[in-house]
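Here this note's numbering is used: the first residue of the sequence shown is 214, the next is one more, and so on.
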Amino acid sequence: MAAATFVTDFVAGWVSGCSGLLIGHPFDTVKTRLQTSNTYNGIFDCFRKTVSKESVRGLYKGMLAPFVSTGVMNSCMFVGYNQSLRLLHPGTHRDHVPMHKVYAAQLIGSLVQLIPGIPVEHIKTKLQVQCENKTAHFRGPWHCFRELVQTGGIRAVYRGGGVQVWRDCIGFMFYFPVYEKGKREIKKLMKDKESIVPTIIAGGCAGSISWWVICPIEVVKNRIQTASASTPKAFLPTAKSVFATDGLRGFYRGGLVLLVRGFPVNALVFVVYEKIMACGAAFSLNNHVLL
């Protein structure tokens, strides 16, 4: 049974992550460009200029690396989270696990997914902004990876990784806990306990809130990962540079995109995830009965 739940967690995380990426990546591209460039006058201006200069394909720049690996990252996250919940509170349905154990499990899940997550984020970010960065041109994720390794070794691939660790550990504090608590409270108000409405609302809110909270860290991370070799790469110098140029507003560039993107993407992620988990549980039960 343990092996079956592990496989189900992994498959559900993989498919749900890729599903969310299909509708979320264009928003992510716009967000990244707003956060690393001052050449746009807002979301719609960035969207319009990107499409006019690069066609719709420009909105999906850098998608290949995360599409291949987002499944792995999401699987690591959900496997780490759910397996931790089962170890911390065995034999209990997720809806009844104490919230302090939910927080502990989400921390483990967020740390597990960082292993593949940091290099994937770095490469994706470089590809998304290279139309503004005339000093670098990458033909794709693999070419970007090779260039980073050749110029700075494996450490270059993990540039900005320290900031991303803080970003994800803080962000996930408002992700799974908001989802679990929100779904439980909404279910109490619903007559139909099998409705997907609680999953949609709680999942969407969890995504929007967690991304909004970490927006300042996301801005600094993207500046670090897209900066030239001569630009300071530490958190504080980069944060001071953002503040000196744009003030406090600079830390929330692209924040509206994160809010708008966060709801539908994560609502879809959790709906797909819960449906696959339910199918997996039913399949395991039927096989057990047959045996």
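The C-beta atom is built at its ideal place from N, Cα and C for all residues, glycine as well.
If you're wondering where the values come from, they're calculated on a predicted model, not measured in any experiment.
Alpha carbon of I383 to alpha carbon of T458, nearest angstrom: One-based indexing of the sequence shown puts residue 383 at position 170. One-based indexing of the sequence shown puts residue 458 at position 245. Rounded to the nearest whole angstrom, the CA to CA distance from I383 to T458 is 25 Å.
Inter-residue Cα distance where the pair is T249 and A495: Here residue 249 corresponds to residue number 36 of the sequence shown, with the count starting at 1. Here residue 495 corresponds to residue number 282 of the sequence shown, with the count starting at 1. Taken atom to atom, the span from the alpha-carbon of T249 to that of A495 is near 47 Å.
Reduced DSSP category for G475 - H, G, I as helix; E, B as strand; rest coil: Against the sequence shown, residue 475 aligns to sequence position 262. Reduced to three states, the DSSP call for G475 is helix.
Option in V269, F464, V482, E487 with minimal Cα separation from Q341: On the sequence shown, residue 341 is found 128 positions in, with the first residue counted as 1. Measuring from the Cα of Q341, the nearest candidate turns out to be V269.
For G330 and V391, the rounded distance between their alpha carbons: Position 178 of the sequence shown, counting from 1, holds the residue named residue 391. Position 117 of the sequence shown, counting from 1, holds the residue named residue 330. Answer to the nearest angstrom: the Cα atoms are 22 Å apart.
Three-state secondary structure assigned by DSSP to K401: Along the sequence shown, one-based indexing puts residue 401 at 188. The three-state reading of DSSP puts K401 in helix, counting H, G and I together.
Segment contact flag, the region 216 to 233 with the region 256 to 265, C-beta cutoff 8 Å, min 3 pairs: Contact fails: fewer than three Cβ-Cβ distances are below 8 Å.
Enclosing alpha helix (DSSP H) for T451 [first to last residue]: For the purposes of this step, residue 451 is taken as residue 238 along the sequence shown, with counting starting at 1. Element bounds for T451: 448 to 459.
Delimiting residues of the alpha helix (DSSP H) encompassing L361: Against the sequence shown, residue 361 aligns to sequence position 148. It spans 354 to 365 - the alpha helix (DSSP H) in which L361 sits, taken as one unbroken run.
Own chain partners of W425 with C-beta closer than 8 Å, once the 5 adjacent residues on each side are dropped: On the sequence shown, residue 425 is found 212 positions in, with the first residue counted as 1. Sequence-distant Cβ neighbours of W425 in its own chain, meaning closer than 8 Å and more than five residues away, are G468, L471, L472, G475.
Whole-angstrom C-beta distance between V482 and E176, which should lie under 8 Å: There is simply no residue 176 to check, as the chain begins at 214 and stops at 504 in what is shown.
Environment of I236 [buried if 16+ CB atoms lie within 10 Å]: On the sequence shown, residue 236 is found 23 positions in, with the first residue counted as 1. Exposure of I236 is indicated by the presence of fewer than 16 other C-beta atoms within 10 angstroms of its C-beta.
Contacting residues, own chain, Cβ-Cβ under 6 Å from G322 (five flanking each side not counted): For the purposes of this step, residue 322 is taken as residue 109 along the sequence shown, with counting starting at 1. Once the five neighbours on either side are set aside, the close Cβ partners of G322 are M290, G293, Y294.
Test item: CB-CB of T263 and T242 under 8 Å: For the purposes of this step, residue 263 is taken as the residue at position 50 of the sequence shown. For the purposes of this step, residue 242 is taken as the residue at position 29 of the sequence shown. Using a Cβ distance threshold of 8 Å, T263 and T242 count as a contacting pair.
Helix, strand or coil at Y388 [DSSP, three-state]: The count along the sequence shown starts at 1 and reaches residue 388 at position 175. The answer is coil: DSSP assigns Y388 none of H, G, I, E or B.
Cβ neighbour criterion (16 or more within 10 Å) applied to C428: As a position in the sequence shown, residue 428 is number 215, starting the count at 1. Result: buried.
Limits of the unbroken alpha helix (DSSP H) element including L340: The residue given as residue 340 occupies position 127 in the sequence shown. Counting along the chain, the alpha helix (DSSP H) containing L340 begins and ends at 312 to 342.
Contact check, V224 vs S282, beta carbons under 8 Å: Working through the sequence shown from its first residue, we reach residue 224 at position 11. Working through the sequence shown from its first residue, we reach residue 282 at position 69. The answer is no: Cβ separation not under 8 Å.
Presumed contact (8 Å Cβ cut-off) between V376 and I328, rounded CB distance: For this step, residue 376 is matched to residue 163 along the sequence shown. For this step, residue 328 is matched to residue 115 along the sequence shown. The pair is not a contact, with the Cβ atoms about 16 Å apart (cut-off 8 Å).
Cβ-based neighbour list, S297, same chain, cut-off 6 Å, excluding 5 preceding and 5 following: Numbered from 1 along the sequence shown, position 84 holds the residue referred to as residue 297. Residues A318, I321 of the same chain have their beta carbon placed closer than 6 Å to that of S297, with the five preceding and five following residues left out of the count.
Same chain, Cβ closer than 8 Å to G463, neighbours up to 5 away in sequence not counted: Position 250 of the sequence shown, counting from 1, holds the residue named residue 463. If you ignore the 5 residues before and after G463, its C-beta comes within less than 8 Å of the C-beta of V432, V455, F456, all in its own chain and listed in chain order.
The ligand ADP heavy atom lying under 7 Å from the CB of K339: Within the structure as shown, the ligand ADP is missing, as the structure has no ligands at all.
Outcome for L234 when other beta-carbon atoms lying within 10 angstroms are tallied against a minimum of 16: Here the question's residue 234 lines up with position 21 in the sequence shown. Counting Cβ neighbours within 10 Å, L234 comes out buried, since at least 16 surround it.
Nearest to R352 (by Cα), restricted to the options A480, H313, K337: The residue you call residue 352 lines up with position 139 of the sequence shown. Checking every option, the nearest Cα to that of R352 belongs to K337.
Through-space distance from T245 to G271, alpha-carbon basis: Working through the sequence shown from its first residue, we reach residue 271 at position 58. Working through the sequence shown from its first residue, we reach residue 245 at position 32. Just so you know, the alpha carbons of G271 and T245 end up roughly 13 Å apart.
Limits of the alpha helix (DSSP H) - the one that V433 falls within: Position 220 of the sequence shown, counted from the first residue, corresponds to residue 433. Taken as a continuous stretch (DSSP letters only), the alpha helix (DSSP H) holding V433 covers 428 to 439.
Whole-angstrom distance between F358 and A447, CA atom to CA atom: Residue mapping note: residue 447 aligns to position 234 of the sequence shown, counting from 1. Residue mapping note: residue 358 aligns to position 145 of the sequence shown, counting from 1. In this model, A447 and F358 are separated by some 21 Å (Cα to Cα).
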